[in-house]
Every structure is written in structure tokens, then in C-alpha cells.
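Heads up, the sequence shown is in my numbering, so the first residue is 280 and it goes up one at a time.
Glycine is no exception: its CB is placed at the ideal position from the N, C-alpha and C atoms.
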Amino acid sequence: MLNILSLVTGAVALLIALIGILPIPLLPLVNWIAFPIAVVGLVFGVLSRGTAGRNLNIVVLVISGLRLFLTGGLI
280 MLNILSLVTG
290 AVALLIALIG
300 ILPIPLLPLV
310 NWIAFPIAVV
320 GLVFGVLSRG
330 TAGRNLNIVV
340 LVISGLRLFL
350 TGGLI
């Protein structure tokens, strides 16, 4: 059950992170929303027996974290 919850949380965070990758001014700030959602999903994924939700949330964390790191967290 926690793995399904982790997958759903990861899918929502991934959609938000993909919107944040677009080169529209101030839109990458939504990565600040996607990052904590992915952290919560990662916690659910770590607590579950399956690994799919955990892996999805790790990918989302890398995508949104890298985007925030490369742009200084602003743009």
C-alpha cells in the first residue's frame, strides 16, 4: 500500500517537475514545490517493501534538484 502511495506521490511530483523544466521565466520556481513532494514520496517508498516508488522519487529528486542547483534556485 505504501508503494502505491509512493508511486502516486512521485507521479504528481514528476508532473510538477516537468512543468518546471520549461524555459518560461519564473516557471522553474515550481521545482521548489516538486522537491518536497518527492521527499515525502521517497519516505513512503523507503517504508514500503517495493522499490518502484522509491526509485521514481529518486529520479524526480535528481531532476528537480539538478534544475535548482544549476540555476541557483531562482530561474
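Alpha carbon to alpha carbon, how far is residue j from residue i? Give it in angstroms, no decimals.
{"i": "I300", "j": "M280", "result": "30 angstroms"}
{"i": "G352", "j": "G324", "result": "26 angstroms"}
{"i": "S285", "j": "V341", "result": "16 angstroms"}
{"i": "V322", "j": "T330", "result": "12 angstroms"}
{"i": "S343", "j": "A313", "result": "7 angstroms"}
{"i": "L293", "j": "L345", "result": "14 angstroms"}
Keeping to the same chain, check which residues put their C-beta closer than 6 angstroms to that of residue i; ignore five residues upstream and five downstream.
{"i": "L347", "result": "N310"}
{"i": "I295", "result": "V309, I312 and A313"}
Can you find the residues in the same chain that come closer than 7 angstroms, C-beta to C-beta, to residue i, ignoring five residues on each side of it along the sequence?
{"i": "G289", "result": "A317, G320, G332, L335, N336 and V339"}
{"i": "V291", "result": "I316"}
{"i": "L326", "result": "L281"}
Residues in the same chain with beta-carbon distance under 8 angstroms from residue i, minus the five sequence neighbours each way, listed in chain order, please.
{"i": "I283", "result": "G332"}
{"i": "L306", "result": "I298 and G299"}
{"i": "T350", "result": "P307"}
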